[in-house]
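Participant: Per the numbering used here, residue 4 is the first one in the first sequence, and the count goes up by one each step.
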Amino acid sequence: MPLREFFTRTAPDVAPELLGCLLTARSEEGSVTVRITEVEAYAGARDPASHAYRGKTARNAVMFGPPGHAYVYFIYGLHYAVNAVCMPEGTGEGVLIRAGEVVDGLPLARSRRVASRVDADLARGPGRLATALGLTRELNGTDLCESLGALTLEPGKPVAGELIRSGPRVGVSQAADVPWRFHVHGDPTVSPYRRAKPRKSASDQGV
DNA sequence: TATGCGATATACT
DNA sequence: GTATATCGCATAA
Numbered sequence: 004m005p006l007r008e009f010f011t012r013t014a015p016d017v018a019p020e021l022l023g024c025l026l027t028a029r030s031e032e033g034s035v036t037v038r039i040t041e042v043e044a045y046a047g048a049r050d051p052a053s054h055a056y057r058g059k060t061a062r063n064a065v066m067f068g069p070p071g072h073a074y075v076y077f078i079y080g081l082h083y084a085v086n087a088v089c090m091p092e093g094t095g096e097g098v099l100i101r102a103g104e105v106v107d108g109l110p111l112a113r114s115r116r117v118a119s120r121v122d123a124d125l126a127r128g129p130g131r132l133a134t135a136l137g138l139t140r141e142l143n144g145t146d147l148c149e150s151l152g153a154l155t156l157e158p159g160k161p162v163a164g165e166l167i168r169s170g171p172r173v174g175v176s177q178a179a180d181v182p183w184r185f186h187v188h189g190d191p192t193v194s195p196y197r198r199a200k201p202r203k204s205a206s207d208q209g210v
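Here it is as C-alpha cells:
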C-alpha cells in the first residue's frame, strides 16, 4: 500500500500500525531517527479531546489538510508535539506520536536532551520526542511521505500483534474512557501512564 | 511516588 | 482580558 493511502483512513485504524515505524528528522545539525513505540489517535469532529473538535482554525488547519502531513504545535509554553494527519482533506483526524526509541543520530539526540540520564528517556513522552528530533513550528505541514524530506515516516519492522496494547489516552479529560492510546508492551521507551490531572480553576485559588 | 510549577500560543468571553 | 492546553522537570518525602 502506498504510504499516502496508509494515512487515508481513520486515526484509530492508523494508530496501532504506526508502532514500529521509523520517524526521521533531518536538519543542518544532522539527522535523528526514532522507532515509534507509543501513539494516540485523535478523531477530529467526533472526538471532544481533539484539537479539531471545534472546527478548523489557524492553529489546527494542517489537520484538515491532506493526509500524511505533520501537524506540529507548541504546547504548555515550552513543548512541541507532532501528529500524523489522517483521513482525506477536510476531515481533521490525526495520530499523536507520543514516544519512541532513538535508533539513529544518538549523539545529536543526547545533545538536545541533556536532562536524560538514560537513552530510553531521550524520546519518552511527546515533548521529549519533539526535542530529541529538534522539531519546531517550521516543520508544521511537512509532508511525511516524501523520502529524504525534513521530516519523514517510513515503515519499519512490524511489531508483533500480541505486544500491541491499548488503553485510555494520557492527559485528556474529555472522552477519557476511549482506548485510543497504543503502545509496545514492555518497551522501556513508553511514557508512564498519567491520568489527566483535574486542574483547579483560578477562582478557587484564593486572592 | 507524588506534587508543584514553569512560560506562552491559542481560543473564547 | 483570561482560562486552558495531547507536558517535563525539580523537589520533597
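Cβ atoms here follow ideal geometry from the backbone N, Cα and C, with glycine treated the same way.
#1: When burial is assigned at 16 or more other CB atoms within 10 Å of the CB, is Gly-121 buried or exposed?
#2: Mind checking which residues open and close the beta strand (DSSP E) that includes Thr-27?
#3: Please classify His-72 as buried or exposed, where buried requires at least 16 neighbouring CB atoms within 10 angstroms.
#4: Per DSSP, Val-105 is paired with what?
#5: Hey, Glu-41 and Asp-190: beta-carbon distance below 9 Å or not?
#6: Using CA atoms only, rank isn't needed, just tell me which of Ala-163, Pro-69 and Arg-168 is closest to Asn-143.
#7: Roughly how many angstroms separate the alpha carbons of Pro-110 and Ala-48, rounded to a whole number?
#8: Please say whether Ile-100 and Ile-39 have beta carbons closer to each other than 9 Å?
#9: Around the C-beta of Val-210, are 16 or more other C-beta atoms found within 10 angstroms, so that it is buried, or is it exposed?
#10: Which residues share a DSSP beta bridge with Leu-154?
#11: Looking at C-alpha atoms only, which residue of Ala-18, Pro-5 and Arg-12 is the closest neighbour of Pro-211?
#12: Which of the three DSSP states is assigned to Ala-205 in this structure?
#13: Within 10 angstroms of the Cβ of Pro-129, are there 16 or more other Cβ atoms? Answer buried if so, exposed if not.
#14: Can you give me the Cβ contacts of Ile-167 inside the same chain, cut-off strictly under 8 Å, excluding the 5 residues immediately before and after it?
#15: Can you tell me whether Arg-202 is buried or exposed? The criterion is at least 16 other CB atoms within 10 Å of its CB, across all chains shown.
#16: For a test of the three-state rule: what should DSSP assign to Ser-114, helix, strand or coil?
#17: Can you grab the Cα-Cα spacing for the pair Ser-30 / Ala-153, in whole Å?
#18: So who's on the other strand from Gly-97, going by DSSP bridges?
#19: Just how far apart, CA to CA, sit Leu-136 and Phe-67?
#20: From the DSSP output, read off the bridge partner residues of Ala-2.
#21: With respect to the alpha helix (DSSP H) encompassing Phe-10, which residues constitute its N-terminal and C-terminal limits?
#22: Can you tell which of Leu-26, Thr-11 and Arg-12 has its C-alpha closest to the C-alpha of Pro-158?
Facilitator: On the basis of the coordinates in this document:
#1: Sequence check: residue 121 is Val here, not Gly. Counting Cβ neighbours within 10 Å, Val-121 comes out exposed, since fewer than 16 surround it.
#2: 25–30
#3: buried
#4: Val-37
#5: yes
#6: Pro-69
#7: 41 Å
#8: yes
#9: Confidence is the limiting factor: at Val-210 the pLDDT is only 37, short of 50, which leaves the residue's position unreliable, though a coordinate-based value still follows. By the 10 Å Cβ count, Val-210 comes out exposed.
#10: Ala-28
#11: Because the chain is modelled from 4 through 210, residue 211 falls outside the range shown and cannot be assessed.
#12: Residue placement at Ala-205 is flagged as unreliable, the pLDDT there being 39, under the threshold of 50; a coordinate-derived value is accordingly withheld.
#13: buried
#14: Pro-19, Leu-22, Phe-185, His-186, Val-187 and His-188
#15: Any answer about Arg-202 is weak, because its pLDDT of 47 lies below 50 and its placement is not dependable; what the coordinates show is given next. The residue in question, Arg-202, is exposed, as its Cβ has fewer than 16 Cβ neighbours within 10 Å.
#16: helix
#17: 7 Å
#18: Tyr-45 and Val-88
#19: 24 Å
#20: Coverage of the chain is limited to positions 4 through 210, which leaves residue 2 absent and any answer about it impossible.
#21: 6–10
#22: Leu-26
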